[in-house]
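Here the structure is laid out as structure tokens; the discussion comes afterwards.
In this note's numbering, the protein residues as written are 15 to 246.
Structure below.
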């Protein structure tokens, strides 16, 4: 499995709240968030890891360049206007075939992630598998509509009475999705959620995989929440 990490955000809210370290280097259980993700991916049969950081993250870049990994590390240094644009730059270095993408501030338990990856690796009937969760932690969650077989039918900005899941910020798909991504860039579409909608509109078969709890680290208080979650 190939993996990709988006770590190109500014982390401005954490900085405003007194967190001195760049977000990817904020430690959880004594390990930088980005290092924790990389190690989990290595333990989940990583064949390559592709990461994008912004041009101002010199500390993060130095940290990544200091790593000696048993698989190729493709590092992209680029400041982008959105996560969707970050993925577009990553698409130039991610190897062909299946891959899993996550943002650096998405916190999950390793055994949950491994179950998700195992499910996607054996799935041959879908073009992608999205990690979803009934736990709502994001300030502006992306709600995921599914049918009874957990096929994704729509992505919505607002909750509706039957809504059960929000996007967990973890996306597994194949390089077939890059054609849709290119089209979004050409049409000046922005935001990751609009790329996801474009995949559904293009007829991609996306499966939802439910994980009980996934949390985001956007604020200083979220670091404490994430530490407690991982210690449960």
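Glycine included, every Cβ here is placed at the ideal spot set by N, Cα and C.
Keep in mind that this is a model prediction, so the values were computed, not measured.
Check your understanding: Hey, quick one: how far does the alpha helix (DSSP H) through residue 102 stretch, first residue to last?
Key -> On the chain shown, residue 102 is found 88 positions in, with the first residue counted as 1. Where residue 102 is concerned, the enclosing alpha helix (DSSP H) stretches over 97 to 104.
**Study point:** C-beta contact flag for residue 218 and residue 141 at 8 Å
**Key:** Here the question's residue 218 lines up with position 204 in the chain shown. Here the question's residue 141 lines up with position 127 in the chain shown. Taking 8 Å as the Cβ cut-off, residue 218 and residue 141 qualify as a contacting pair.
Review point. Could you give the distance in angstroms between the alpha-carbon of residue 177 and the alpha-carbon of residue 167?
Key: As a position in the chain shown, residue 177 is number 163, starting the count at 1. As a position in the chain shown, residue 167 is number 153, starting the count at 1. Taking the straight line joining both Cα atoms gives about 12 Å.
**Study point:** residue 249, DSSP secondary structure in three states
**Key:** The structure shown does not extend to residue 249, since the chain spans only 15 to 246, so no value can be given for it.
Exercise for review: Round the Cβ separation of residue 98 and residue 223 to the nearest angstrom and send it over; I've been treating them as touching at under 8 Å.
Suggested key: Here residue 98 refers to the residue found at position 84 when the chain shown is read from its first residue. Here residue 223 refers to the residue found at position 209 when the chain shown is read from its first residue. At roughly 21 Å, the Cβ-Cβ gap does not stay under 8 Å, so residue 98 and residue 223 are not in contact.
Check your understanding: Under three-state DSSP, which class holds residue 37?
Key -> Position 23 of the chain shown, counting from 1, holds the residue named residue 37. DSSP places residue 37 in helix when its eight states are reduced to three.
Review point. Comparing alpha-carbon positions, which option in 234, 242 and 243 lies nearest residue 27?
Key: For the purposes of this step, residue 27 is taken as residue 13 along the chain shown, with counting starting at 1. For the residues 234, 242 and 243, the minimum Cα distance to residue 27 belongs to 234.
Exercise for review: Kindly confirm or deny that the segment 44 to 56 and the segment 64 to 78 touch, where touching means at least three C-beta pairs closer than 8 Å.
Suggested key: The segment 44 to 56 is in contact with the segment 64 to 78.
Point to revise | Residue(s) in a DSSP beta bridge with residue 21 | key: As a first step, residue 21 is located in the chain shown; it is residue number 7 there, counting from the start. Partner(s): 67.
Review point. Exposed or buried, which one is residue 37 when buried takes at least 16 other CB atoms within 10 Å?
Key: Numbered from its first residue, the chain shown carries residue 37 at position 23. Buried.
Practice item. Please list the segments of the beta strand (DSSP E) lying wholly inside the segment 84 to 148, counting only runs of 3 or more residues, in order along the chain. Key: Counting only runs of at least 3 residues, the segment 84 to 148 fully encloses the following beta strand (DSSP E) elements, listed from N- to C-terminal order: 87 to 91, 112 to 117 and 142 to 147.
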